[in-house]
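Reviewing the structure listed below.
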Amino acid sequence: MSYTKTDKTIAGAYPRSSRWSTLFEADRLSVVYTVFEVDNAGDTGEEEEVQKGPLVNLIFDSGNCCNRAIWYYHIERLIELGSSKDSAFRINSAITFDRVNQGDSAVVNQMKLGPEYEWKDGARDILEIVRRESQDRASCFWKAGNQTVVVGHSMGGYEALCATCMSPQLFVGACLFEPVVWIAEDDWDGFSLIMAKVYAMLQTEFKDETSYSTYWRTKSFHRSFQERPLQDFLDTDRLVEADGSVRNKTLKDHMMCNYAGGIAASTFLAPLLKGNPTPSLHVIGAKARWNPARTNSFLQNTMPDCEARLVEGAIHSVNCDQADISINLISETIVSKAIPEILARREKDKISANAVAKSSRAAYAARLASEAVAARLKQVKKAKSKL
0 MSYTKTDKTI AGAYPRSSRW STLFEADRLS VVYTVFEVDN AGDTGEEEEV QKGPLVNLIF
60 DSGNCCNRAI WYYHIERLIE LGSSKDSAFR INSAITFDRV NQGDSAVVNQ MKLGPEYEWK
120 DGARDILEIV RRESQDRASC FWKAGNQTVV VGHSMGGYEA LCATCMSPQL FVGACLFEPV
180 VWIAEDDWDG FSLIMAKVYA MLQTEFKDET SYSTYWRTKS FHRSFQERPL QDFLDTDRLV
240 EADGSVRNKT LKDHMMCNYA GGIAASTFLA PLLKGNPTPS LHVIGAKARW NPARTNSFLQ
300 NTMPDCEARL VEGAIHSVNC DQADISINLI SETIVSKAIP EILARREKDK ISANAVAKSS
360 RAAYAARLAS EAVAARLKQV KKAKSKL
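Numbering-wise (my numbering), the sequence shown opens with residue 0 and increments by one.
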């Protein structure tokens, strides 16, 4: 199955939730994203769908300290899976993006970024991307309509879930890898202590390429990544200066800004989860310690349709450490969550359409009857006038 891969840049959500998201209030931040458009040539509508399964769009949101390239491997494999003869679905398009202070977006926005980042703005940026692609007839995204599955890890899991709360009609499923969705007040002090340790270990400036590669491969959170996601990150997040020194596109200060927004973010999202109907798969690393234990149970006990899946031996970065298992879990989300939701929505639409049609027929019959009565009364009145 062939596909095209295109980088795009759009204006992000505006205005931002925090005045200090930008240096000047009028600044408009940009979002850089990559679209994989799959050539599903020969599709002829419903008959083709029965044979090959429904078209599905995917949108990916990474955790902090990462960039959009960590998902390239997942997307390529999912396109392969969807093109196999016995697949229950087909990938129509897949999108992965850099949040405004991360990766290529951070480079574009470097003269505008302020000292704060509101996580819910990441969710709003997801909606901007989805709506933009859905309305663009030059893009293949619109072909699958609102049949979109959102995938997120950690902070990106929060933003993905928050996007489904804001516009549930746009999504038919969510696959959430170790999402940071709720930090209880009792855990706030512990979270602050962790942040101090994270700041001490984070590094984004290096004397040369060797130091850059060595740090991310042996000392960073990424050191346990599978080779392909790690290499894609290393290849796309480096900036080489004139003197040979290297730095990441995402600055350490902005990484810390993202972490600092976690507590406020959780207090915003938690009350919205009870009313979120999006069918979701919640992936938990059995050895993960980033999220407090009660975060996982909170999500299970709060969302109407959220199924937990424990990955043995996995830590918080399960989406890239266990990339192949994660790909299978995304595929499972499409099959067990998204496709039933697609079919349920279509059945609901048919019932609604039939009800409207029935109502319209009744209204038409009533109008004809009314016109017939009026005509008869007119005849009677005319006859009486001749007497």
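We treat Cβ as the ideally placed atom computed from N, Cα and C, and that holds for glycine.
Along the beta strand (DSSP E) that carries residue i, what are the first and last residues, could you check?
i: Cys305; result: Cys305 to Val310
i: Asn56; result: Leu54 to Asp60
i: Thr147; result: Thr147 to His152
i: Leu272; result: Note, Leu272: premise wrong, no beta strand (DSSP E); not H, not E.
i: Asn247; result: Val245 to Asn247
For the alpha helix (DSSP H) containing residue i, name the first residue and the last one.
i: Leu298; result: Ala292 to Thr301
i: Ala313; result: Counting along the chain, Ala313 falls outside any alpha helix (DSSP H), and DSSP gives it neither H nor E.
i: His253; result: Lys251 to Ala259
i: Asn327; result: Ala322 to Thr332
i: Ser191; result: Trp187 to Met200
May I have the straight-line CA-CA distance separating residue i from residue j, to the nearest angstrom?
i: Thr43; j: Ile329; result: In this prediction, Thr43 scores a pLDDT of 47, lower than 50, which makes its location untrustworthy; no coordinate-derived value is stated.
i: Lys377; j: Ala362; result: 22 Å
i: Ile338; j: Phe140; result: 17 Å
i: Thr8; j: Tyr72; result: 21 Å
i: Lys111; j: Glu240; result: 21 Å
i: Asn63; j: His221; result: 11 Å
i: Ser20; j: Ile350; result: 45 Å
i: Ala87; j: Leu77; result: 12 Å
i: Leu22; j: Glu311; result: 44 Å
i: Arg15; j: Ser335; result: 35 Å
i: Lys119; j: Ile326; result: 26 Å
i: Ala292; j: Val179; result: 11 Å
i: Thr266; j: Leu272; result: 11 Å
i: Met200; j: Ser191; result: 15 Å
i: Lys251; j: Thr203; result: 6 Å
i: Val34; j: Glu75; result: 12 Å
i: Leu238; j: Arg130; result: 31 Å
i: Phe297; j: Asn290; result: 11 Å
i: Ala374; j: Leu342; result: 48 Å
i: Phe224; j: Asn353; result: 52 Å
Assuming residue i and residue j are in contact, meaning their beta carbons sit under 8 Å apart, how far apart are those beta carbons, in whole angstroms?
i: Leu387; j: Leu57; result: Absent from the structure is residue 387, since the part of the chain shown begins at 0 and ends at 386.
i: Ala105; j: Thr249; result: 5 Å
i: Ala313; j: Ala287; result: 7 Å
i: Val37; j: Gly11; result: About 26 Å separates the two Cβ atoms, so there is no contact after all.
i: Thr147; j: Val171; result: 7 Å
i: Asp236; j: Asn91; result: That belief does not hold up - the Cβ atoms of Asp236 and Asn91 are roughly 28 Å apart, past 8 Å.
i: Thr163; j: Val149; result: 6 Å
Per DSSP, what are the beta-bridge partners of residue i in this structure?
i: Val30; result: Ile9
i: Val37; result: Tyr2
i: Leu175; result: Gly151 and His281
i: Leu238; result: Arg246
i: Phe205; result: Val245
i: Phe170; result: Thr147
i: Thr21; result: Leu112
Quiz prompt | Runs of beta strand (DSSP E) wholly within the stretch 82-137 (minimum 3 residues, chain order) | solution = 89-97
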